[in-house]
Amino acid sequence: MITKVKHTTVGRSLLLVDNDEETRPAVTDHLTSRGITVSYAETCEMALALLQGQSFDLILTGISIPDMGGIELARRIKNYMPEQAVIILTSSSDVKNSIEAMRLNVNDYILKPVDLDELETRIALVFMKFENRKKDRSDQFHLVEKVLEQEKKLEDNFLQAVRSLIHAIEARDRYTKGHSFRVTRLVEALLRQIDLDADILTDVVLASQLHDTGKLGISDTILRKTSGLSREEFFVMRTHPEVGYHILKPILSESCLGGILHHHERWDGKGYPMNLLGEEIPFGARIISIADSFDAMVTDRTYRQALTISRALREIEKGAGRQFDPKLVQPFVDVVSKNHFSAMYAEGRA
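Residue numbers 4 to 353, in the working numbering, belong to the letters of the sequence shown in order.
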């Protein structure tokens, strides 16, 4: 829940770039009532023309804007005015563009439909961050430390943005809602069972949280299809580990990335994307593979009903030495059995 931040927006100026006839008047009226001077541009070219003769404390732009689009507008603004505060208004269907926006170091993104109170608070927080940044620059002794800290914050913010976008993807399909959270819970339990080194544990848990990031690049038509996938659609679906790897490569360790890239490999070498065999598969990927497969079995999907937990565990045991690392199967079965994970799934599937 976002805490209300007061008295930080009065007297500020904002340029709203959005041709959405529902969003624009509501946002304009609400922010004006909070003491913000709001100017409006219906296209990106109009926005750039305004910026040549006027400065704004914040630019608030949608993505689906006529002419160049909101992402290109943000890119141009950041190229020429890297310190300019920019917030993106996006929707769950714009996740690919939202990822690109994060790479441009925009200051925040907000999902449509816009919660006006949340918007006001997020704008106030951006202003507060900019004021703090100005104060930091006056202290030369701590300059290097501040730069390193800011870089870490940018990485954390990017990861949080990716997690939020994954949740937005899952929320559009009731069959996969909460999948990443449940897989992470299973992975954490298994890691505690086998007592791993703390550094390895951290990388594997992070990889489990983000293992389906690449599905941001897969269309809803494929993700939500109720019948079997065509050969072409199946090929596109199989690209999601590689897409996720490339999205996250700039900020994650190779150990963590290995869990994301290879979580669909099989112990017998018949998996993807690289047909790795046995212990060629990174350890983290072998862990995630079991949890990912189990969660898929015990949740309803468009093409079949969920298995019971006991039935799914039997299927996991059958996959030992074929799909899964045989040394990990029994610990997984044990930890699921004793931790009563049925509470995470539909009632009565113990």
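The beta carbon of each residue, even a glycine, is placed where N, CA and C say it ideally should be.
### Best match in 57, 191, 84, 56 for proximity to residue 334 [C-alpha to C-alpha]
Among 57, 191, 84, 56, the Cα nearest to that of residue 334 is on 191.
### Message
Among 16, 31, 14, whose alpha-carbon lies nearest the alpha-carbon of residue 22?
### Response
Looking at the Cα atoms, 31 is the closest of the given residues.
### Query
Going straight from the alpha carbon of residue 296 to that of residue 126, what length do you get?
When rounded, the separation of the alpha-carbon atoms in residue 296 and residue 126 is 41 Å.
### Task
Give me the Cα-Cα distance between residue 285 and residue 42, rounded to the nearest whole angstrom.
One Cα belongs to residue 285, the other to residue 42, and the distance between them is close to 53 Å.
### Residue of 302, 222, 38, 215 minimising C-alpha distance to residue 247
It is 215.
### Message
Between which residues of its own chain and residue 44 is the CB-CB distance below 7 Å, once the five residues before and five after are set aside?
### Response
Only 18, 20, 50, 53 meet the Cβ criterion.
### Task
Report, in whole angstroms, the separation of the C-beta atoms of residue 251 and residue 240, which I expect to be a contact under 8 Å.
Actually they do not touch by this definition, with Cβ atoms about 19 Å apart.
#### Entry: From 167, 212, 258, 319, residue whose alpha carbon lies closest to that of residue 185
With distances taken between Cα atoms, residue 185 lies closest to 212.
### Message
Taking the straight line between their C-alpha atoms, what separation do you get for residue 76 and residue 59?
### Response
Residue 76 and residue 59 have their C-alpha atoms spaced approximately 15 Å apart.
### Query
In whole angstroms, what separates the C-alpha of residue 159 from that of residue 74?
Distance between the alpha carbons of residue 159 and residue 74: 21 Å.
### Task
Take every Cβ of the segment 318 to 328, pair it with every Cβ of the segment 264 to 281, and state whether three or more of those distances are shorter than 8 Å.
Short answer: they touch.
### Task
Take the Cβ of residue 131 as the centre, count every other Cβ of all protein chains shown within 10 Å, and call the residue buried at 16 or more, exposed below.
Residue 131 counts as exposed, since fewer than 16 other beta carbons sit within 10 angstroms of its beta carbon.
### Query
Expressed to the nearest angstrom, what Euclidean distance is found between the alpha-carbon atoms of residue 243 and residue 55?
One C-alpha to the other measures close to 41 Å.
### Query
Does DSSP put residue 5 in a helix, a strand or coil?
Note that residue 5 has pLDDT 41, beneath the 50 cutoff, so the model's placement of it is unreliable and the number below is only indicative. In this structure, residue 5 counts as coil in the three-state DSSP scheme.
### Message
Just to confirm the assignment, what range does the beta strand (DSSP E) spanning residue 404 have?
### Response
Coverage of the chain is limited to positions 4 through 353, which leaves residue 404 absent and any answer about it impossible.
### Query
Beta carbon of residue 337, beta carbon of residue 196: below 8 Å?
Yes; because the gap between Cβ atoms is below 8 Å, this pair is in contact.
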